[in-house]
Amino acid sequence: MFDVKYLRDNLEQARERLASRGGEIDLAPFADLDGRRRTLLGDAEALKAERNKVSALIGKTKDKSQVQGEIVRMQEVSKRIKALDEELKGVEAELQGLLLTLPNLPHEDCPVGTSEDDNRELRSWGEPRQFEFEAKPHWELGEQLGVLDFERAGKIAGARFSLLRGAGARLERALINFMLDLHTDHHNYVEILPPFMVNREAMTGTGQLPKFEDDLFHLDDPDFFLIPTAEVPVTNIHRDEILAAVDLPVCYTAYTPCFRKEAGSHGRDTRGLIRQHQFNKVELVKFVVPEESDRELEKLLDNAEEVLRQLQLPYRVVDLCTGDIGFSAARTFDIEVWLPGQQAYREISSCSNFRDFQARRAAIRFRREAKGKPELVHTLNGSGLAVGRTLLAIFENYQQKDGSVVIPEVLRPYMGGLEKITAQG
RNA sequence: GGAGAGGUGGCCGAGUCGGCUGAAGGCGCUCGCCUGCUAAGCGAGUGUAUGGGGUCAACCUGUACCGAGGGUUCGAAUCCCUCCCUCUCCGCCA
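Sequential numbering of the first sequence, starting at 773, is according to this note's numbering.
See the structure below:
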């Protein structure tokens, strides 16, 4: 969310920077609402000041008959205050509604562009393996090995669900544990196991609401949402809190399942594990002082890349352009893993700096000194990594001619020493 | 699900019959003093948001906030209603 004062004083600049995301945003209603709000507030507060003063006087007067006239007058004043407050409430709700639907300002270093075609490849790691046979897509491998079952998942739940079995299920679990161990033991993140359902306030805090309710799975009674990413519950851990600068950066990692309706992606990635209504993810979340957020994003990105390096999976890093970054993000780097079955790099992690956008929505602040004024933290997060996509990347990159899949070295301890997944009965 | 208790400032904890209570007291914290270490002691200060003024920083001033939202009243932390959350006991349950 925007700083109202910034917007008030830099309306034109804000309009231009937002326009770089593609699509004009009309900020004129803001100026109008903000002006009306301040006028109403001033009027209402002047009346309240008078009422407070007179009420104190009435309170001190023993003989109420002496102040009967004032009491009557204050009855009128109170009526007017009530009317003004009501109008003010309407204006503020409208203003808030507008502010909550404005996306974040892109970072100054974010490449300007209109679509993913303008994203900038920063680097790549690892050489895509040359196959002496035709590489199969993971869904064929998984089904032939008897460890991946889309048909039965469809029977149980529906499209875009999957079911892992035997060594497949164990591999998913191994990946979760491997990632969590890496981030907690070597990258200094604190492990969190948060609620998988959250309330509206939490969803609003990180930016999913009010704009993207259609993408979320919702429970009517009680009014809960299934989390689309651990970012939501984990970032909201410190909602309405003031942290101490000495405790920053606060770094959390969390495994959670993620639930997404994928409402706008009919027909895309309909086969395989790429796009599911439910998938597992290990997330990295940081709360940092503003001046460190760029650097912390680089570190977070590197922490996520490390997972792929240890798994020996080729990948590249892409700097998303202004037209491709998400609603709440100021800067985003995607990590894309090489998929031989598709002969393409596909997103496996998205690492973003939200600056103070989420912090303002969720009131997450810090103090530099014990007596200092509270300031907004910067929040960051990134996948470290999407587990299902990592599993499918292993299937495709580690497949053998006979259809078996070799287990990456670092995962074998998590697989009870298993070195290769072969067809299961 | 049933019965009961409760939600006050960073924490603990007072708030009588509604009226100088933004909120006693204690702890913690900050600054200063003192004690040649540590501890103790003394003094002062110590919420957030927002509007206005300002040499726009330290400052002055208005308003709001005692779980949330309504209501009663000239005036509510204090009375009434609704909701949320926490705790205890019973029931149920992984």
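Glycine included, each C-beta is placed from N, C-alpha and C at the ideal position. None of these values were measured; they are calculated from a predicted model.
Just confirm the distance between the C-beta atoms of residue i and residue j, as a whole number of angstroms; I'd bet it's less than 8 Å.
i        : j        : result
Pro-1112 : Pro-900  : 7 Å
Val-1089 : Leu-1073 : 7 Å
Asn-1052 : Tyr-1024 : Not confirmed; about 17 Å, so no contact.
Lys-1058 : Glu-1068 : 6 Å
Gln-1130 : Gly-979  : 6 Å
Leu-1080 : Ile-1107 : 7 Å
Ala-816  : Leu-872  : Actually they do not touch by this definition, with Cβ atoms about 23 Å apart.
Asn-1125 : Asp-1066 : 7 Å
Val-1061 : Leu-1020 : 5 Å
Leu-870  : Leu-790  : That belief does not hold up - the Cβ atoms of Leu-870 and Leu-790 are roughly 13 Å apart, past 8 Å.
Taking the beta carbon of residue i as the centre, do at least 16 other beta carbons fall within 10 Å, making it buried, or is it exposed?
i        : result
Ser-1122 : buried
Ala-931  : exposed
Val-1149 : buried
Thr-1094 : buried
Val-884  : exposed
Ile-999  : buried
Arg-810  : exposed
Asp-993  : exposed
Asp-1128 : buried
Ile-1048 : Residue identity check: residue 1048 is Gln in the sequence provided, not Ile. The residue in question, Gln-1048, is buried, as its Cβ has 16 or more Cβ neighbours within 10 Å.
Gly-807  : exposed
Val-1054 : buried
Val-844  : exposed
Arg-895  : exposed
Pro-982  : exposed
Arg-942  : buried
Thr-976  : buried
Phe-905  : exposed
Ile-928  : exposed
Glu-1141 : exposed
For residue i, which three-state DSSP category applies?
i        : result
Gly-1154 : strand
Asp-835  : coil
Met-773  : coil
Ala-865  : helix
Ser-1037 : coil
Thr-1007 : helix
Glu-1108 : strand
Lys-820  : helix
Leu-1056 : strand
Ser-792  : coil
Asp-1091 : strand
Thr-1025 : strand
Phe-933  : coil
Ser-1099 : Strictly speaking, residue 1099 in this sequence is Phe, with Ser absent from that position. Coil, per DSSP.
Asp-1019 : helix
Ile-1179 : coil
Tyr-961  : coil
Gln-902  : coil
Lys-1192 : strand
Asp-921  : strand
Val-970  : strand
Excluding the 5 residues flanking residue i on each side, which residues of the same chain have their C-beta closer than 7 Å to its C-beta?
i        : result
Leu-779  : Ala-786, Phe-802
Ser-1038 : The sequence given here has His at residue 1038, not Ser. Result list for His-1038: empty, nothing under 7 Å.
Gly-794  : Thr-886, Gly-1095
Met-1184 : It should be noted that the sequence gives Arg, not Met, for residue 1184. Answer for Arg-1184: Leu-1190, Glu-1191, listed in chain order.
Ala-1016 : Phe-1138, Arg-1139
Glu-1013 : Ile-1136
Phe-950  : Val-1182, Leu-1183, Tyr-1186
Val-776  : Asp-806
Glu-893  : Arg-1088, Val-1090
Glu-864  : Arg-809
Once you ignore the five residues that flank residue i on each side, which residues in its own chain have a CB closer than 6 Å to its CB?
i        : result
Trp-897  : Tyr-1087
His-879  : Ala-1102, Arg-1103
His-959  : Asn-1075
Gln-916  : Gly-1175
Val-1022 : Phe-1059
Asn-1119 : Note on residue identity: the sequence assigns Glu, not Asn, to residue 1119. Once the five neighbours on either side are set aside, the close Cβ partners of Glu-1119 are Asp-1106, Glu-1108.
Val-839  : Ile-830, Thr-833
Closer than 8 Å by C-beta to residue i: which residues in its own chain qualify, once you throw out the five before and the five after it? Chain order, please.
i        : result
Arg-924  : Leu-935
Ile-1009 : Ile-964, Pro-966, Tyr-1024
Glu-944  : Leu-936, Asn-1052, Val-1159, Gly-1160, Leu-1163
Lys-1145 : Arg-1139
Ala-1195 : Gln-916, Leu-917, Gly-918, Gly-1175, Ser-1176
Does the structure place the stretch 1129-1141 close enough to the stretch 1163-1181 that three or more beta carbon pairs sit under 8 Å?
no
Does the stretch 837-854 come into contact with the stretch 810-821, if we say contact requires no fewer than three beta-carbon pairs (one atom in each stretch) closer than 8 Å?
yes
Would you call the stretch 1150-1162 in contact with the stretch 1032-1042, where contact means no fewer than 3 C-beta pairs closer than 8 Å?
no
Would the stretch 1097-1104 and the stretch 1156-1163 be scored as touching if the rule is three or more Cβ pairs under 8 Å?
no
I want to know whether the stretch 883-894 touches the stretch 903-922 - three or more CB-CB distances under 8 Å.
no
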